[in-house]
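In the numbering used here, the protein residues as written are 10 to 224.
Even for Gly, the Cβ is constructed at its ideal location relative to N, Cα and C.
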Ligand SMILES: [Zn+2]
């Protein structure tokens, strides 16, 4: 496992590692193709998702309890509520990346040795980068896991225990997985291939057999 703050040297190293993988896969008879994710589309998708997931969550809550935002702060001081929410949200950004790494390390040959956690200074976002190409099934599992554990599970728990804090945490956690969901959505086109997070493009590379098509 490497933990790093991304800089030019690290970017160059990742590019090199990617090129090494491409030539290694080339020798095995695979060629690399790139699937890019459009950042504007991703942001619009995140906003739409926020409205949909929020409407579903609070709609269910309304159906169960008959009021929309009954006791929103649950008896807690409002400022403390906001402060705690911000702290939990901030921590969840890192937990999100950890969950990716946790689920991706199992199928890796070098286990944690192939997982990097870093901070993209320009975008101020932490990332998880796996240095091995993974097959679609395990890739999807690891890509979806943070949305499940930080989105779906808190929403369900929040609804059960009647906590707007936990519900909203789940809605925001779900939105945090918007990019991952977009990636998963694009994967329906690439059934039998190995996937690799692209080192500098927003998106991933996938390896397909040079002869014939990927299907
Ligand atoms: Zn993610």
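Any non-hydrogen atom of ligand 1 within 7 Å of residue i CB
i	result
residue 138	no
residue 109	yes
residue 206	no
residue 105	yes
residue 186	yes
residue 116	no
residue 189	yes
residue 135	no
residue 155	yes
Neighbour-count burial assignment, residue i, 16 or more Cβ in a 10 Å radius
i	result
residue 194	exposed
residue 140	buried
residue 206	buried
residue 220	exposed
residue 203	buried
residue 92	exposed
residue 37	exposed
residue 151	buried
residue 23	buried
residue 99	exposed
residue 32	exposed
residue 13	exposed
residue 39	buried
residue 60	exposed
Other residues of its chain near residue i: CB distance less than 6 Å, five sequence neighbours each side excluded
i	result
residue 10	121 and 124
residue 46	191, 211 and 212
residue 138	125 and 206
Start and end residues, alpha helix (DSSP H) containing residue i
i	result
residue 68	48–74
residue 214	Taken as a continuous stretch (DSSP letters only), residue 214 belongs to no alpha helix (DSSP H), being part of the beta strand (DSSP E) at 212–218.
residue 258	Residue 258 lies beyond the range of the chain shown here (10 to 224); nothing can be said about it.
residue 187	187–195
residue 146	145–156
residue 135	Per DSSP, residue 135 belongs to no alpha helix (DSSP H); it is in the beta strand (DSSP E), 134–139.
residue 183	173–184
residue 166	162–170
Close beta carbons around residue i, own chain, < 8 Å, minus the five adjacent residues each side
i	result
residue 118	141
residue 48	211
Residue i: first and last residue of the uninterrupted beta strand (DSSP E) it sits in
i	result
residue 18	Not the beta strand (DSSP E): residue 18 falls in the alpha helix (DSSP H), residues 17–36.
residue 128	124–129
residue 10	Careful: residue 10 lies outside any beta strand (DSSP E) and carries neither H nor E.
residue 39	39–45
residue 204	203–206
Cutoff 7 Å; reference residue i; Cβ partners in own chain excluding five residues on either side
i	result
residue 166	175
residue 54	187 and 191
residue 136	106, 127 and 129
residue 172	83
residue 97	178
residue 217	39, 40, 42, 202 and 223
Supposed close pair residue i, residue j - CB separation, criterion 8 Å
i	j	result
residue 214	residue 41	5 Å
residue 208	residue 71	Wrong, their Cβ atoms sit about 45 Å apart, outside the cutoff.
residue 155	residue 185	7 Å
residue 145	residue 199	7 Å
8 Å Cβ cutoff, residue i in contact with chain B
i	result
residue 191	No chain B appears in this structure, which consists of one protein chain only.
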